[in-house]
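Trainee: In this note's numbering, the protein residues as written are 19 to 195.
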């Protein structure tokens with residue numbers, strides 16, 4: 019086996035870095051450039067021995083009653099959905115939903131999700147922020163706090179509607195671990 023020349027060595031080093039950058043760049047962009055919003059977290063009962071200790075999350079904005087929220091038309095499982103959110107007191111909530119990304123207005127964010135279930139005018143949406151990995155043994159603590167209604171999530175939302183879960187908070191304070 020012959021030694022690598024300079025060009026081959028540089029490519030060998032750069033290739034994995036480029037692949038990693040391409041994989042993480044969209045999430046890093048959202049974290050650094052996205053607007054932070056606070057969402058109310060609701061209880062879910064997860065168990066997955068292969069994923070490690072994590073908490074499955076649901077949000078008030080995950081279940082939509084289209085009789086109560088202005089929308090452009092009906093939704094089916096697998097549809098892309100855009101929600102317009104604005105801050106109402108402590109938490110952000112949905113003002114309207116549509117199949118296409120609406121224009122931005124001051125004081126609002128646009129969040130992109132996928133419809134996972136649709137029945138009559140009830141729609142269940144995944145926003146890509148439904149899992150939060152925690153140190154081993156801490157999942158039950160967070161789940162009990164979620165069941166008590168004391169947990170909120172800080173979520174970064176970028177101009178394209180992509181969202182990244184930045185932080186979980188208990189009673190408006192950091193988790194502490």
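Just so you know, even glycine gets a beta-carbon here, dropped at the ideal spot from N, CA and C.
#1: Can you give the Cα-Cα distance for residue 58 and residue 111, rounded to whole angstroms?
#2: Quick one: Cα of residue 133 to Cα of residue 99, how far?
#3: How big is the Cα-Cα spacing for residue 103 and residue 129?
#4: What residues are listed by DSSP as bridge partners for residue 192?
#5: To which residues of the same chain is residue 109 closer than 8 Å at the C-beta, ignoring the five residues directly before and after it?
#6: Among the residues of its own chain, which have a CB less than 6 Å from the CB of residue 185, if the five just before and after it don't count?
#7: Can you list, in chain order, the residues of its chain with a C-beta nearer than 6 Å to that of residue 94? Leave out the 5 residues immediately preceding and following it.
#8: My output table needs one value for residue 63: the three-state DSSP class, helix, strand or coil.
#9: With a Cβ-Cβ cutoff of 8 Å, do residue 84 and residue 147 count as a contact?
#10: Among 116, 183, 19, which one has its Cα closest to the Cα of residue 82?
#11: Would you tell me roughly how many angstroms separate the C-alpha atoms of residue 34 and residue 88, rounded to the nearest one?
#12: Have a look at 189, 167, 142 and flag the residue whose alpha-carbon is nearest the alpha-carbon of residue 80.
Mentor: Reading from the atomic positions:
#1: About 9 Å.
#2: Taking the CA atoms as reference points, residue 133 sits about 7 Å from residue 99.
#3: Here the alpha carbons of residue 129 and residue 103 stand approximately 7 Å from one another.
#4: Residue 192 is bridged by DSSP to 187.
#5: Around residue 109: 56, 57, 58, 78, 170.
#6: Excluding positions up to five away in sequence, the list reads 172.
#7: Correct list, in chain order: 136.
#8: At residue 63, the pLDDT of 49 sits below 50, so the modelled position is not reliable and the matter cannot be decided from this model.
#9: No. Outside cutoff.
#10: Out of 116, 183, 19, 116 has the C-alpha closest to the C-alpha of residue 82.
#11: Distance from the CA atom of residue 34 to the CA atom of residue 88, rounded to whole angstroms, is 46 Å.
#12: Here the closest residue by C-alpha is 142.
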